[in-house]
Amino acid sequence: MAPQFGPEFQHELAELLAWRRDVRHFRRDPLGEELVAELLEAAQLAPSVGNSQPWRFVRVRSPDLREKLAGHADSEIARAGASMPADRRAAYAALKLHGMREAPEVIAVFCDDAASAGSGLGAATMPETRGFSVVLAIHTLWLAARARGLGLGWVSVVDPAHVTRLLEAPRNWRLIALLCIGHPEEPDVRPELERKGWQARLDWRAQVSER
Numbered sequence: 057m058a059p060q061f062g063p064e065f066q067h068e069l070a071e072l073l074a075w076r077r078d079v080r081h082f083r084r085d086p087l088g089e090e091l092v093a094e095l096l097e098a099a100q101l102a103p104s105v106g107n108s109q110p111w112r113f114v115r116v117r118s119p120d121l122r123e124k125l126a127g128h129a130d131s132e133i134a135r136a137g138a139s140m141p142a143d144r145r146a147a148y149a150a151l152k153l154h155g156m157r158e159a160p161e162v163i164a165v166f167c168d169d170a171a172s173a174g175s176g177l178g179a180a181t182m183p184e185t186r187g188f189s190v191v192l193a194i195h196t197l198w199l200a201a202r203a204r205g206l207g208l209g210w211v212s213v214v215d216p217a218h219v220t221r222l223l224e225a226p227r228n229w230r231l232i233a234l235l236c237i238g239h240p241e242e243p244d245v246r247p248e249l250e251r252k253g254w255q256a257r258l259d260w261r262a263q264v265s266e267r
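Read the sequence shown against this note's numbering and you will find it ends at 267, with the numbers running on by one and no gaps.
Here it is as structure tokens:
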């Protein structure tokens, strides 16, 4: 029999969703191997097109590689800042956009566009659904991390091709995300970009239309 999820669980789930923040400031406390395994196992429960499970996780354990990734992100962040409108540059410069030097766990997440599982079901006309499937796995991992008191930061200001080469990933693997995971320095239910005045949360009603 399928479990019944009552009002108390629904309330807790809503709280979990609200507290799923993008974290940039981490404590350096190491994460146990069992805890990391729990998160990756949770990610495996995500839905995927044709049950292809195309996500590939690369744990970046090498201090040298981590520093190279962090330095690369710094360069790309600076370059992106230079192209910002003049009235946004100061606010942009005040943002911390990655925590790769502090977070105890850094994971690169790729989509295997040649994944054999699922035999291509559902991806013939929309191959991009493989990438969407990987994003669902990331979100599942994110919620699992938050439920355990951990924070996660998605680093996107990088050159995917450079990161792929740096990590020596197969050619058919496409970078989806660099994730920083660890205990947040200052947990907050409000997104940092909202707290810093960069972008407020939009009302969901403005995002819905009917035909």
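Note that the Cβ used here is the ideal one computed from N, Cα and C, for glycine as well. These figures come from a predicted structure and were not determined experimentally.
Figure out for me which residue from the options has the closest Cα to the Cα of residue i.
i           : options               : result
residue 159 : 179, 211 and 134      : 211
residue 175 : 105, 161, 135 and 254 : 105
residue 173 : 82, 112, 59 and 80    : 112
residue 119 : 59, 157 and 168       : 157
residue 85  : 108, 264, 237 and 193 : 237
residue 91  : 136, 161 and 83       : 161
residue 97  : 246, 214, 193 and 265 : 193
residue 204 : 252, 95 and 107       : 95
In the DSSP assignment, find the beta strand (DSSP E) that holds residue i and state where it starts and stops.
i           : result
residue 120 : Here residue 120 belongs to no beta strand (DSSP E); instead the alpha helix (DSSP H) covers 119-138.
residue 210 : 207-211
residue 230 : 229-238
What span of residues does the alpha helix (DSSP H) with residue i cover, start to end?
i           : result
residue 112 : Here residue 112 belongs to no alpha helix (DSSP H); instead the beta strand (DSSP E) covers 111-115.
residue 161 : Here residue 161 belongs to no alpha helix (DSSP H); instead the beta strand (DSSP E) covers 161-168.
residue 216 : 216-222
residue 195 : 185-203
residue 92  : 89-99
residue 142 : Looking at the DSSP string, residue 142 is not in any alpha helix (DSSP H), and its letter there is neither H nor E.
residue 151 : From DSSP, residue 151 is part of no alpha helix (DSSP H); its letter is neither H nor E.
residue 305 : Nothing can be reported for residue 305, as the shown portion of the chain is limited to 57 through 267.
Using a 10 Å radius around the Cβ and a threshold of 16 neighbouring Cβ atoms, would you call residue i buried or exposed?
i           : result
residue 2   : Residue numbering for the chain in the displayed model covers 57 to 267; residue 2 lies beyond these limits and cannot be assessed.
residue 229 : buried
residue 57  : exposed
residue 233 : buried
residue 72  : exposed
Verify whether the separation of the beta carbon atoms of residue i and residue j is less than 8 Å.
i           : j           : result
residue 235 : residue 163 : yes
residue 208 : residue 220 : no
residue 179 : residue 154 : no
residue 152 : residue 202 : no
residue 247 : residue 83  : no
Stretch-stretch touch, CB-based, cutoff 8 Å, three pairs: the region 197-205 with the region 136-149: no
Inter-stretch contact at 8 Å, needing at least 3 Cβ pairs: the region 61-78 / the region 219-228: no
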